[in-house]
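Visitor:
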Amino acid sequence: MASPISSLSCSSAALAVSPATTAASFSDANLRRSPWFSTVKASSFSQPSARTRGKISCGATLPTAPTVAAPSQNKEGPKDFLHISDFDKDTILSILKRAGEVKTLLKSGDRSFQPFKGKSMAMIFAKPSMRTRVSFETGFFLLGGHAIYLGPDDIQMGKREETRDVARVLSGYNDIIMARVFGHQDILDLAKYAPVPVINGLTDYNHPCQIMADALTMIEHIGQIENTKVVYVGDGNNIVHSWLLLASIVPFHFVCACPRGFEPDEKTVEKARSTGISKIEITNDLKEAVKGADVIYSDVWASMGQKDEAEYRKQCFQGFQVDEALMEIAGPQAFFMHCLPAERGVEVTDGVIEAPKSIVFPQAENRMHAQNAIMLHLLGV
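The following block contains the structure:
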């Protein structure tokens with residue numbers, strides 16, 4: 000297994016602030032708190048990078064704003080974040096690196112980095128979610144912005160109002176839109192008609208923000224994504240589709256172990272395999288699948304909208320619970336991950352979630368940090 004990332008530059012430049020002052024905000028004590036900077040000295044941050052120079056105010060006097068501010072634009076790649084595979088490997092890894100940098104800054108208690116100051120985000124929730132709402136809303140706030148929650152009673156795209164109208168109206172009020180919806184076509188239509196960036200907060204087809212958080216967590220605990228073995232246990236759902244799309248651009252060994260009849264979308268599997276980037280396996284042999292895994296990943300057997308199938312699915316998924324015995328088969332190197340919420344005692348035992356090799360709660364926290372970096376990328380700041 001490769002060693003952890005050992006050289007990252009942190010976005011910490013301030014206008015009219017000396018290098019010594021900037022370096023002081025990144026003390027050795029603060030840096031040691033994060034595995035991202037385990038081998039980096041504070042002196043590494045004495046000179047800010049050209050990309051971030053002047054973008055963080057540490058109490059310095061800022062120049063007068065122009066009368067009409069030009070909108071921030073991402074000049075590198077797609078306008079929106081809809082599928083991980085819309086971006087190339089270098090861009091995805093760059094976003095993850097930025098996530099680690101900004102996470103370290105926020106964990107240090109420094110609140111001077113305010114790139115979203117004066118910006119607003121509309122959050123559309125056709126499907127409720129504690130983690131998605133709190134992680135986006137808190138993250139956008141911590142970086143200076145204001146997020147607006149629009150629940151199912153506030154907005155019904157395609158029913159109460161056409162999606163193309165919603166897209167253009169919200170774009171007139173906001174700098175960016177995040178939507179958590181059922182049908183994947185809804186997010187595609189929203190992005191098509193919205194002049195501002197649109198982020199896919201989840202659809203029935205995929206969940207790219209979750210997998211970015213998962214990848215960030217793997218980098219922190221394993222040191223890398225590349226050349227690892229990730230074994231997903233359970234339904235071939237939207238989480239699996241996003242893992243497959245990641246595997247189409249970043250090389251690693253991905254295995255989906257599921258009961259017969261619950262395999263992921265065939266076209267998505269073939270898309271991932273056709274790139275030749277990663278080794279992809281879809282199997283019904285759970286015990287063989289987990290051997291040598293770096294990560295064992297689980298999700299609920301019945302997702303939102305499938306609760307009427309819950310009892311039937313429990314019968315179908317018998318033998319696919321992640322328990323202590325399965326983790327032993329995987330080996331001592333294996334971490335356990337779960338996108339949450341979890342049904343303890345169903346798809347995973349309480350003992351596995353609470354075990355030292357469980358990283359589900361750092362994984363949940365990283366939703367915010369990964370999403371912050373996605374928004375920074377899309378807004379070009």
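According to numbering that gives the first Met the number 0, the sequence shown is numbered sequentially starting from 0. All C-beta atoms, glycine included, are put in the ideal place defined by N, C-alpha and C.
1) Relative to the C-alpha of Gly233, which candidate in Val299, Glu219 and Leu339 has its C-alpha closest?
2) In the DSSP assignment, the beta strand (DSSP E) including Lys278 goes from what residue to what residue?
3) Less than 6 angstroms between C-beta atoms, sequence neighbours within five positions excluded: which residues of the same chain meet that for Thr20?
4) Looking at C-beta atoms only, is the number of pairs between the region 169-189 and the region 243-256 that lie closer than 8 angstroms three or more?
5) Between the Cα of Arg163 and those of Asn173, Asp188 and Leu244, spot the shortest distance and give me the residue it belongs to.
6) With DSSP collapsed to three states, give me the class of His220.
7) Looking at the structure shown, is Glu160 part of a helix, part of a strand, or coil, going by DSSP?
8) Look at Leu215 and Asn237 and say whether their C-beta atoms are less than 8 angstroms apart.
9) Once DSSP output is grouped into helix, strand and coil, what is the label at Gly138?
10) At what residues does the beta strand (DSSP E) containing Cys255 begin and finish?
11) Beta-carbon separation of Pro114 and Leu142 under 8 angstroms?
12) I think Arg97 touches Gln209, with their Cβ atoms under 8 angstroms apart; what is that distance to the nearest whole Å?
13) Around the C-beta of Ser384, are 16 or more other C-beta atoms found within 10 angstroms, so that it is buried, or is it exposed?
14) Residues bridged to Tyr148 by DSSP?
15) Give me, in chain order, the residues of the same chain whose beta-carbon lies closer than 8 angstroms to that of Arg312; leave out the 5 immediate sequence neighbours on both sides.
16) Thinking C-alpha only, which one of Glu225, Ile176 and Glu265 is nearest Tyr204?
17) Who are Val232's beta bridge partners in DSSP?
18) Hey, could you find the ends of the beta strand (DSSP E) Gly350 is sitting in?
19) When you compare only the Cα positions, how much space is there between Gly144 and Lys286?
20) Would you mind working out which of His368, Leu378, Ala324 and His376 sits nearest Lys102, comparing C-alpha positions?
21) Hey, out of Met336, Val195 and Ser357, whose CA is closest to Val229's CA?
Guide: For this structure:
1) Position 234 of the sequence shown, counting from 1, holds the residue named residue 233. In terms of CA proximity to Gly233, Val299 leads the group Val299, Glu219 and Leu339.
2) Sequence index remark: in the sequence shown, residue 278 carries index 279 (1-based). Run containing Lys278: Lys278 to Thr282, per the beta strand (DSSP E) assignment.
3) Translated into the one-based positions of the sequence shown, residue 20 becomes position 21. Unreliable positioning characterises Thr20 in this predicted model, as indicated by a pLDDT of 39, which lies under 50. The coordinate reading is nonetheless provided below. Result list for Thr20: empty, nothing under 6 angstroms.
4) no
5) Sequence index remark: in the sequence shown, residue 163 carries index 164 (1-based). In terms of Cα proximity to Arg163, the closest of Asn173, Asp188 and Leu244 is Asp188.
6) Residue numbering aside, residue 220 sits at position 221 when the sequence shown is read from its first letter. Looking at His220 - three-state DSSP - the assignment turns out to be helix.
7) Start at 1 with the first residue of the sequence shown, and residue 160 comes out as number 161. In the structure shown, Glu160 sits in a strand (DSSP, three-state: E or B).
8) Residue 215 sits at position 216 when you count from the first residue of the sequence shown. Residue 237 sits at position 238 when you count from the first residue of the sequence shown. No, the Cβ-Cβ distance between Leu215 and Asn237 is not below 8 angstroms.
9) For the purposes of this step, residue 138 is taken as residue 139 along the sequence shown, with counting starting at 1. In this structure, Gly138 counts as helix in the three-state DSSP scheme.
10) The residue given as residue 255 occupies position 256 in the sequence shown. Taken as a continuous stretch (DSSP letters only), the beta strand (DSSP E) holding Cys255 covers His252 to Ala256.
11) Here residue 114 is taken as the residue at index 115 of the sequence shown, counted from 1. Here residue 142 is taken as the residue at index 143 of the sequence shown, counted from 1. A contact, by the Cβ cut-off of 8 angstroms.
12) Residue 97 sits at position 98 when you count from the first residue of the sequence shown. Residue 209 sits at position 210 when you count from the first residue of the sequence shown. Actually they are not in contact, since the Cβ atoms of Arg97 and Gln209 sit about 18 angstroms apart, beyond 8 angstroms.
13) Not covered by the structure: residue 384. The range shown for the chain is 0 to 380.
14) Taking the first residue of the sequence shown as 1, we reach residue 148 at position 149. In the DSSP output, where bridge partners are listed per residue, Tyr148 has Met122.
15) Sequence index remark: in the sequence shown, residue 312 carries index 313 (1-based). Only Asp234, Trp300, Ala301 and Gln305 meet the Cβ criterion.
16) By one-based count along the sequence shown, residue 204 stands at place 205. Minimum Cα distance to Tyr204 is reached at Glu265.
17) Numbered from its first residue, the sequence shown carries residue 232 at position 233. DSSP, once it has assigned bridges, lists Ala256 and Ser297 as partnering Val232.
18) Translated into positions along the sequence shown, residue 350 becomes position 351. Taken as a continuous stretch (DSSP letters only), Gly350 belongs to no beta strand (DSSP E), being part of the alpha helix (DSSP H) at Asp349 to Ile352.
19) Within the sequence shown, the letter at position 145 stands for residue 144. Within the sequence shown, the letter at position 287 stands for residue 286. Each residue's Cα considered, the two are about 47 angstroms apart.
20) In the sequence shown, the residue the question calls residue 102 occupies position 103. Comparing Cα-Cα distances from Lys102 to each of His368, Leu378, Ala324 and His376, the minimum goes to His368.
21) Here residue 229 refers to the residue found at position 230 of the sequence shown. The shortest Cα separation from Val229 among Met336, Val195 and Ser357 belongs to Met336.
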